[in-house]
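Heads up: the sequence shown at position 83 corresponds to 76 in my numbering, and the numbers run straight through without jumps. By construction, the Cβ of each residue, glycine as well, lies at the ideal position given by its N, Cα and C atoms. Small disclaimer: the values here were computed from a predicted structure and weren't measured. Some notes on the structure that comes next.
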Amino acid sequence: MTVKRKVRPRIAILRERAGLTQLELSRLVGVTESTIQNWESGRTGTDHIERIVKFCKALGCQVEDLIEYISDLPEEKTAKPTSLSDIRNLLGTEQQAGADSKHESTTEEVGRF
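The following block contains the structure:
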């Protein structure tokens, strides 16, 4: 006869270690606070976690290897620089470049004499 072990979630321990309240964690995860309470008490909702753990053990991998995380947030589009001036501005060297060009013209003028 095989005795089935009940998984005891460590969500509360990890949540407290992270310094989060149940409400804060629920908002981060996208579930209700009562769902977090139920998961922490072991009353409901951890069957899917058990299956994921079994997948990982069977495949010899970590959860991160099994599940690809795709953000719900849209990717932030960044403008591509179109000129040398834009590149210098992005690098924060715009003023230095202006000083260098003044120095170069002075050097050229000195070379002419």
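Taking C-alpha atoms, which residue in the options lies nearest to residue i?
i, options, result
"R3", "L18, S34, G23 and K50", "S34"
"V24", "C49, A11 and G38", "G38"
Compute the beta-carbon to beta-carbon distance between residue i and residue j, rounded to the nearest angstrom, for a pair I have assumed lies under 8 Å.
i, j, result
"Q15", "I6", "Not quite, the Cβ-Cβ distance comes to about 13 Å (not below 8 Å), so this is no contact."
"L59", "I45", "7 Å"
"E9", "S19", "14 Å between Cβ atoms; not a contact."
For residue i, which three-state DSSP category applies?
i, result
"L7", "helix"
"I63", "coil"
"P2", "coil"
"C49", "helix"
"S78", "helix"
"L13", "coil"
(Q) Report the start-end ranges of each alpha helix (DSSP H) in the region 16 to 45 that is 4 residues or longer and not cut off at the edges. (A) Fully enclosed alpha helix (DSSP H) runs of no fewer than 4 residues occupy 26 to 34 of the region 16 to 45, in order along the chain.
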